[in-house]
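Numbering (my numbering), first residue to last: 41 to 405. The structure under discussion appears below in the form of structure tokens.
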């Protein structure tokens with residue numbers, strides 16, 4: 041069982057074996073100009089992504105849904121989602137960004153006013169700073185608690201879901217509050233509602249998520265099938281990306297500040313955090329030179345892989361130099377720290393401009 045509200049690391053291989061997720065590598069050859077996260081295997085799994093590939097190839101309508109739960113600060117791991125949304129926007133997708141304030145209240149006890157503030161100051165501001173254009177008509181952002189279309193759909197869909205099913209998927213028990221029990225249906229409605237007639241009718245829809253969110257995807261796909269004859273819904277597609285390792289070697293999490301580089305950190309703070317991060321180095325300099333490092337277990341190498349090095353050739357060189365023991369962790373950290381500082385100098389400037397327009401996004405929606 042996978043808990044979407046915990047910070048536990050998910051076993052990727054077990055997820056594929058037990059829940060039928062297909063390797064994303066099977067799709068790469070069919071995608072024109074695949075995203076770097078796809079090419080590097082960071083996006084590792086998919087369900088029915090062929091529908092999305094077909095829509096992109098033919099230039100037909102498709103939607104992307106990516107929610108945000110405003111319960112804490114955005115960290116650099118969240119940048120993966122925004123990078124994908126920017127790519128999909130360039131491909132002509134209709135982008136839906138539900139702000140899960142109801143989930144934030146039921147699962148984290150964050151009140152609605154605070155959720156709205158976090159959504160604007162952290163999420164929407166950072167999305168704009170990282171390149172998503174909210175001025176385009178194909179971006180739809182809303183608060184769950186204020187979207188009557190989604191709320192009505194969630195209620196309607198709930199008629200075909202029972203308590204035993206929710207227990208089996210999420211592990212809900214006698215102590216689970218009723219609000220928490222209900223919010224997965226809101227997420228289902230978030231994902232499916234772009235296919236309602238009010239939003240243009242049935243269309244392929246993809247949800248890019250971390251593997252911890254797969255329970256929501258499975259529930260949504262099942263419910264879409266149950267209502268297919270009534271609404272002609274198409275079961276949503278999904279992609280799954282690997283989590284970025286935190287600075288301490290655990291999963292990066294907003295609730296564990298020592299693990300994370302936050303997008304609101306100053307360039308100096310981001311640089312300092314990288315310099316103190318856990319690496320895949322050996323116990324001693326001699327061992328490192330003789331045995332080489334283990335970039336597969338290095339949070340600094342992951343930072344280079346996910347966010348900092350654009351050239352695949354340069355990345356291969358860094359990997360082999362580490363494995364061969366020809367570069368030491370200090371050198372690699374210094375390189376990554378300089379690159380993260382440059383990135384965050386750009387992000388900081390963009391954030392300052394984005395703050396002025398982020399509030400207007402919800403007012404205009």
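From the three backbone atoms N, C-alpha and C, an ideal C-beta is built for every residue, glycine too.
Nearest residue (CA-CA) to residue i, options the options
i, options, result
"residue 274", "101, 158, 380, 82", "101"
"residue 244", "90, 210, 86, 78", "90"
"residue 325", "344, 284, 368, 153", "368"
"residue 317", "147, 383, 372, 71", "372"
"residue 221", "248, 192, 256", "256"
"residue 211", "343, 278, 43, 81", "43"
"residue 136", "120, 180, 121, 352", "180"
"residue 176", "128, 51, 365", "128"
"residue 251", "52, 46, 45", "52"
"residue 229", "370, 70, 174, 247", "247"
"residue 113", "335, 298, 217, 343", "298"
Environment of residue i [buried if 16+ CB atoms lie within 10 Å]
i, result
"residue 163", "buried"
"residue 115", "buried"
"residue 195", "exposed"
"residue 311", "buried"
"residue 366", "exposed"
"residue 398", "buried"
"residue 166", "buried"
"residue 287", "buried"
"residue 187", "buried"
"residue 336", "exposed"
"residue 73", "exposed"
Start-to-end residues for the beta strand (DSSP E) that takes in residue i
i, result
"residue 406", "Outside the shown range of the chain (41 to 405) lies residue 406, about which nothing can therefore be said."
"residue 105", "103-105"
Boundaries (first-last residue) of the alpha helix (DSSP H) holding residue i
i, result
"residue 260", "254-266"
"residue 165", "165-169"
"residue 201", "From DSSP, residue 201 is part of no alpha helix (DSSP H); its letter is neither H nor E."
"residue 76", "76-79"
"residue 155", "152-158"
"residue 220", "218-232"
"residue 350", "No alpha helix (DSSP H) holds residue 350; DSSP gives it neither H nor E."
"residue 423", "Limits of the chain in this structure are 41 at one end and 405 at the other, which puts residue 423 out of reach."
"residue 311", "307-315"
"residue 341", "339-343"
Bridge-paired residues (DSSP) for residue i
i, result
"residue 39", "Not covered by the structure: residue 39. The range shown for the chain is 41 to 405."
"residue 279", "86, 248"
"residue 334", "None, per the DSSP bridge assignment."
"residue 293", "296"
"residue 63", "85"
"residue 368", "Its beta-bridge partners do not exist; DSSP assigns none."
"residue 134", "103"
"residue 403", "In the DSSP output, where bridge partners are listed per residue, residue 403 has none listed."
"residue 115", "302"
"residue 285", "291"
Residue i Cβ short of 6 Å to the ligand ATP heavy atom set
i, result
"residue 360", "Here there are no bound small molecules, and the ligand ATP is not part of this structure."
Evaluate contact between the stretch 168-188 and the stretch 386-395, counting only Cβ atoms and requiring at least three cross-stretch pairs below 8 Å. Taking 8 Å as the limit for Cβ pairs, the verdict is that the stretch 386-395 does touch the stretch 168-188.
Count Cβ pairs between the stretch 139-158 and the stretch 324-338 that sit closer than 8 Å; are there 3 or more? Judged by Cβ distances under 8 Å, the stretch 139-158 makes no contact with the stretch 324-338, as fewer than three pairs qualify.
Do the stretch 291-300 and the stretch 254-273 touch if we need at least three Cβ pairs shorter than 8 Å? Two segments are said to touch when three or more pairs of C-beta atoms, one from each, lie closer than 8 Å; by this definition the stretch 291-300 does not touch the stretch 254-273.
Does the contact criterion of 3 or more C-beta pairs under 8 Å hold for the stretch 66-79 versus the stretch 116-124? The stretch 66-79 and the stretch 116-124 touch, with no fewer than 3 CB-CB distances between them shorter than 8 Å.
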